[in-house]
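So for the sequence shown, numbering that gives the first Met the number 0 puts the first residue at 0; every next one is plus one. All remarks here apply to the structure that follows.
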Amino acid sequence: MLLLTSILPYAPASAQTSQAGLVIMDKFIDSANQMFLRHRFFQNGTIAVSDGLGASLVIGSLEHSYAHKTELIDFKNGTVAYRFSFKCFGRMYEIWEKFDFKARAYGVKITIAGSMPIPGQIRVQLKAGAGSFVENDDALKVFWCVKTNDSESQPSRVGFDWKDMESIAAFSPSTNTITANVSEIFLIDPSTVGTTSMATAISDVCQRKAFYANGRYWVFFSDGTNMVYSTSTDGTTWTTGSQSPIRACSNGSQFSVFFDGTYVHYAWADDSANPMVYRRGTPNSDGSITWSTTSEQTAYLSDSTHHPAYPFVSVDSDGYPWIGFSLYWYGHRSYVTKSSMNNGTWSTPSGFPYELTNTISGYNRVTIVPLTNSKVYALYTGTGAYVYGKLWTGSWGSQEQASTGTIQSGSSYSAVASNDDVHLVYLTSSNIKYRKRVYGTGWQSEVTVQGSVTTTSAPTLSINTLTGNLYCFWAGSPTSNHIYYKSCVGGTWDTNPTDWINEATDSLTANNRLTCFYSSYGGKIALVYMTKTSSPYNVRFNCLNVLTSTVSSAIYQPFQRKSFYANGRFWIFYSDGTNMKFSSSTDGSAWDTPTTINTGITIDNGEKFSVWFDGNYVH
Numbered sequence: 000m001l002l003l004t005s006i007l008p009y010a011p012a013s014a015q016t017s018q019a020g021l022v023i024m025d026k027f028i029d030s031a032n033q034m035f036l037r038h039r040f041f042q043n044g045t046i047a048v049s050d051g052l053g054a055s056l057v058i059g060s061l062e063h064s065y066a067h068k069t070e071l072i073d074f075k076n077g078t079v080a081y082r083f084s085f086k087c088f089g090r091m092y093e094i095w096e097k098f099d100f101k102a103r104a105y106g107v108k109i110t111i112a113g114s115m116p117i118p119g120q121i122r123v124q125l126k127a128g129a130g131s132f133v134e135n136d137d138a139l140k141v142f143w144c145v146k147t148n149d150s151e152s153q154p155s156r157v158g159f160d161w162k163d164m165e166s167i168a169a170f171s172p173s174t175n176t177i178t179a180n181v182s183e184i185f186l187i188d189p190s191t192v193g194t195t196s197m198a199t200a201i202s203d204v205c206q207r208k209a210f211y212a213n214g215r216y217w218v219f220f221s222d223g224t225n226m227v228y229s230t231s232t233d234g235t236t237w238t239t240g241s242q243s244p245i246r247a248c249s250n251g252s253q254f255s256v257f258f259d260g261t262y263v264h265y266a267w268a269d270d271s272a273n274p275m276v277y278r279r280g281t282p283n284s285d286g287s288i289t290w291s292t293t294s295e296q297t298a299y300l301s302d303s304t305h306h307p308a309y310p311f312v313s314v315d316s317d318g319y320p321w322i323g324f325s326l327y328w329y330g331h332r333s334y335v336t337k338s339s340m341n342n343g344t345w346s347t348p349s350g351f352p353y354e355l356t357n358t359i360s361g362y363n364r365v366t367i368v369p370l371t372n373s374k375v376y377a378l379y380t381g382t383g384a385y386v387y388g389k390l391w392t393g394s395w396g397s398q399e400q401a402s403t404g405t406i407q408s409g410s411s412y413s414a415v416a417s418n419d420d421v422h423l424v425y426l427t428s429s430n431i432k433y434r435k436r437v438y439g440t441g442w443q444s445e446v447t448v449q450g451s452v453t454t455t456s457a458p459t460l461s462i463n464t465l466t467g468n469l470y471c472f473w474a475g476s477p478t479s480n481h482i483y484y485k486s487c488v489g490g491t492w493d494t495n496p497t498d499w500i501n502e503a504t505d506s507l508t509a510n511n512r513l514t515c516f517y518s519s520y521g522g523k524i525a526l527v528y529m530t531k532t533s534s535p536y537n538v539r540f541n542c543l544n545v546l547t548s549t550v551s552s553a554i555y556q557p558f559q560r561k562s563f564y565a566n567g568r569f570w571i572f573y574s575d576g577t578n579m580k581f582s583s584s585t586d587g588s589a590w591d592t593p594t595t596i597n598t599g600i601t602i603d604n605g606e607k608f609s610v611w612f613d614g615n616y617v618h
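Right under this line is the structure:
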C-alpha cells in the first residue's frame, strides 16, 4: 500500500517531529517551495495526511475482532509504526502497521503484518479531511481525496493506493472501508530482503533459494560478489545472516539451497575448473547457521576440461544429499551425483557421478525431486529440448519424455513431488504447461496452465503439503511487471490467474527472476523475486496464505467455539469441506499435519459442530 499525491517527483523524507501522543512526519515533494505530504500520527491509531495545497485524507485506526492495546512508535529512521497487541488463549499476539518514508521515492510505503489466533479480517476506514472530497478510482484501486473547488488542470489530491492487496481485500464505497481476509499469520505488501549489483541474484527458477525454519524466513542470493542470506521473523523486517557472506559467488545460478525439515543444504559450482562443493547446516532461531562440518565438502573434482555448473541440491527421505548439475565437457551434459554419507560430509559412491544422457544441449539444467523410501526422480533438459526424466529406486530406470513440447530455455521449468508422484510445469515459446507423473503408471495428459505468455515468463512451482494443492507463479503476462499465480485443486487448475503483485513502479528486473518455497511451511508459501532494471537491484519477498479448506464456512458459526490452548499447544478444529479436522501448533506459526476425526458422517461446513475445552478434556 502507498500514500500518494498527484505531484511528482518526491524528494527524500525529511522532517520528523514528536509531541505528546503525536508524531509528525513530512514527505517533501519540492523542498524549495516547501511542498510536502504531512502525516500526523495520533496515539489512537488515526493518521491525518495533508499536502501543501489543501487536500487531506484521514486513515482510521486498524480494526480487527480483538480488543487491543495501541502503541505509537517512531523509530527515528524514517519509519513510524503502530503496534496493536492483544492476548488470547494465554498468548500475546501483535499486528504491526508500518509507514516507511524512505522505501519509495514518490510515496509512503505501508506494510501490515502480524498474527491472530484464527483466520479473520482486518479493516481500514478512509475518509476525506476538511476541505476535500472523495474520488475513488476502483479500476486502479486508489482512494483519492481532492481539494474542494480546485479548478487546476491537475488538482491537489492525496491518495491511498491499495491495489497490492486486492487479491485478499474488497472496498465498500458506502462506508469507504477496505476489508482484507487474513489467516493466522499474514503479511500485506511485499518487503525488500536486500539489494544486489547482480541482475541474476536469484536465478534460476528451477532452483530453490528460500524456506521457513525455526520461526524465521530465510532467503539466499548473490550480492554480485558473494553468496549471502537474510532472515526475517515476520517477512517484513530483514536482517543479514550472521554467517553471511557464506562464500564467493558472482550470480545466483551458481548455487541452490534445499531445506529438509532439519538441515539447510547448499551446492555451488561456477562452470570453471573450480570444484563443485556442498555443505549442510542447522538454521537456528537467532538467524545463525551451525554448520555440520568445518568447511565445504568437494562433491565433484573438476579439471581443465570438466566444468560443473548450475547445481540443484536436494535430499532424499533418508537424509542423503543429491546434486543435479550441468557438466561442460566439449558441450554441456546432464549429470547427477550423490553422497553415501548423511552427516554433512561427502563421499561419492560407486556409480556416481552418473551421466543421465549423452545428448549435448545448450545450458542444460538438472532437477532432483525426492520421493519416498530413498527414491528420487531426475528431470533434465536444455534450451529448445524436451524435458526428460529418470527414476532412481536403487538403480536407474529408463529415460522417459516428461514434456510433450520443447522448453523455451534450459532453466524454464520447475518440479515438486507429492509422495511418489511428480508434478512438472514448464514454459514453451508461449505457454505454461503442466504434466503429472503417477508412480507405477507414468506421465499423464498435459494441460495448459496459462496460455499466451511471454517467452521469459518461466514458472516456479510449490505444493501445499497439507492439502496437496499446487501453486504455479509466473510474471509478465497478461500485464507486464505483474506477478500472477494459479492453484491446482484436486487436479484442476484455476480458470483465471490471480493478479497478485504489481511492481509497475519499480519494474521487475526480468520475468524469470523469481523462485518460491519448494513446499508450504506453516500454511505459507513465499515467493522471492527481483525489481529494478539497473543496479542496485532489489531482492523482494512476499508470502501467500494457502487455504487448507475447500469451504468458506470452515469455522462457522461465530457463536460456536473451535479453538483453545492446552498442554503447550494451540488447537484449531475446522471442516475441510468433507470431514472434521484438527491441527495443533506449539508457536502458532508452524502447524502439524491436520488429523481427520472419523465421525462416520459428512461434515461439509463448520456450523455442524462446536468444541469446548474444560481445562482437562476437549469435548
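Think of the CB as a built atom: it goes at the ideal place given N, C-alpha and C, for glycine as much as any other residue.
Coarse secondary structure for residue i, derived from DSSP in three states
{"i": "residue 429", "result": "coil"}
{"i": "residue 164", "result": "helix"}
{"i": "residue 16", "result": "In this prediction, residue 16 has a pLDDT of 45, which is less than 50 and means its spatial position is unreliable; nothing more can be read from the coordinates."}
{"i": "residue 607", "result": "helix"}
{"i": "residue 366", "result": "strand"}
{"i": "residue 251", "result": "helix"}
{"i": "residue 386", "result": "coil"}
{"i": "residue 225", "result": "strand"}
{"i": "residue 600", "result": "coil"}
{"i": "residue 265", "result": "strand"}
{"i": "residue 258", "result": "strand"}
{"i": "residue 241", "result": "coil"}
{"i": "residue 406", "result": "coil"}
Same chain, Cβ closer than 6 angstroms to residue i, neighbours up to 5 away in sequence not counted
{"i": "residue 269", "result": "253"}
{"i": "residue 613", "result": "none"}
{"i": "residue 221", "result": "197, 200, 248, 250 and 251"}
Check whether residue i and residue j have beta carbons under 8 angstroms apart
{"i": "residue 473", "j": "residue 451", "result": "no"}
{"i": "residue 599", "j": "residue 573", "result": "no"}
{"i": "residue 240", "j": "residue 255", "result": "no"}
{"i": "residue 265", "j": "residue 335", "result": "no"}
{"i": "residue 160", "j": "residue 110", "result": "no"}
{"i": "residue 130", "j": "residue 55", "result": "yes"}
{"i": "residue 262", "j": "residue 246", "result": "no"}
{"i": "residue 508", "j": "residue 530", "result": "yes"}
{"i": "residue 227", "j": "residue 243", "result": "yes"}
{"i": "residue 401", "j": "residue 388", "result": "yes"}
{"i": "residue 411", "j": "residue 426", "result": "yes"}
Residues bridged to residue i [DSSP beta-bridge criterion]
{"i": "residue 313", "result": "321"}
{"i": "residue 292", "result": "DSSP lists no partner for residue 292."}
{"i": "residue 136", "result": "141"}
{"i": "residue 41", "result": "21"}
{"i": "residue 79", "result": "73 and 98"}
{"i": "residue 541", "result": "526"}
{"i": "residue 489", "result": "According to DSSP, residue 489 bridges with nothing at all."}
{"i": "residue 58", "result": "46 and 125"}
Spatial neighbours of residue i in its chain, beta-carbon cut-off 7 angstroms, leaving aside the 5 residues before and after
{"i": "residue 414", "result": "366, 368, 378, 421, 422, 423 and 460"}
{"i": "residue 602", "result": "574, 578, 579 and 608"}
{"i": "residue 560", "result": "609, 610 and 611"}
{"i": "residue 615", "result": "none"}
{"i": "residue 305", "result": "326 and 328"}
Exposed unless 16 or more other CB atoms sit within 10 angstroms - verdict on residue i
{"i": "residue 364", "result": "buried"}
{"i": "residue 101", "result": "exposed"}
{"i": "residue 86", "result": "exposed"}
{"i": "residue 354", "result": "exposed"}
{"i": "residue 294", "result": "exposed"}
{"i": "residue 70", "result": "exposed"}
{"i": "residue 33", "result": "Here the model assigns residue 33 a pLDDT of 48, short of 50, so the residue's position is not dependable and the matter cannot be decided."}
{"i": "residue 618", "result": "exposed"}
{"i": "residue 257", "result": "buried"}
{"i": "residue 537", "result": "buried"}
{"i": "residue 458", "result": "buried"}
{"i": "residue 193", "result": "buried"}
{"i": "residue 489", "result": "exposed"}
{"i": "residue 302", "result": "exposed"}
Close beta carbons around residue i, own chain, < 8 angstroms, minus the five adjacent residues each side
{"i": "residue 523", "result": "184, 211, 516, 542, 543, 544 and 545"}
{"i": "residue 352", "result": "299, 326, 334, 335 and 336"}
{"i": "residue 57", "result": "45, 46, 47, 48, 125, 126, 127 and 128"}
{"i": "residue 208", "result": "201, 218, 219, 220, 251, 255, 256, 514 and 527"}
{"i": "residue 88", "result": "116, 562, 563, 564 and 569"}
Within-8 angstroms CB hit, residue i to chain C
{"i": "residue 392", "result": "No chain C appears in the structure shown, which is made up of a single protein chain."}
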